[in-house]
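At position 87 of the sequence shown the residue is numbered 86 (numbering that gives the first Met the number 0), and the sequence of numbers has no breaks.
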Amino acid sequence: MRGLYAGEADIGPSRDAAMFVPPDGVFLVIRDEEDRAVGCGGVARFDDTRGELKRMYVAPEARGRGLGRRLLAELEAQARELGYDALVLETGDLQPEALGLYRSSGYEQIPCYPPYDSRALSLCFEKRLPPLE
C-alpha cells in the first residue's frame with residue numbers, strides 16, 4: 000500500500016487481534032496447497048448493527064483464481080452469523096481490482112466515515128446483508 004500511495008500509511012483505527020474474535024469479529028486466512036498464507040481478511044464491530052471489513056488481501060502470486068471473491072463471501076457469511084445486518088469498508092481510489100470486486104459483490108459507495116472522511120483517496124462502501132434463514 001505504501002508503494003501504491005507514495006508512502007502514505009493506513010490512517011484507520013488501530014486493530015488488535017481481540018477485535019477479530021467472536022462475538023465481535025472474525026479473521027480468516029487462506030492457505031495454499033503448501034500451507035502458505037496467501038490471503039486474509041477480517042470483520043470487526045463497527046457499530047451496533049454493522050461490521051467493518053478490514054485487511055482484505057490476496058498475495059500477488061495467488062491473484063486471478065477467485066480467492067478474493069470466495070474470501071469476501073465467507074466473511075459476509077461470518078458477519079451474518081455474528082448478527083451484523085450490513086458491512087462497511089474503506090478502500091483506496093488506486094485499487095481498481097478491489098473496487099471491481101466490491102462493486103460487483105453488491106457494495107454501494109457511501110460518504111466516507113471518520114477518519115477516512117478527511118482523506119481524498121479514500122472510498123467507502125456498504126452492503127446490506129440478507130437475514131439468516
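Cβ coordinates follow ideal geometry from the N, Cα and C atoms, glycine included.
Asked	Found
Where residue 125 falls: helix, strand or coil (DSSP)	strand
Distance CB(residue 40)-CB(residue 83) smaller than 9 Å	no
Extent of the continuous alpha helix (DSSP H) run through residue 76	66 to 80
Nearest-angstrom Cα separation, counted from residue 56 out to residue 66	10 Å
Beta-carbon gap between residue 131 and residue 80 smaller than 9 Å	yes
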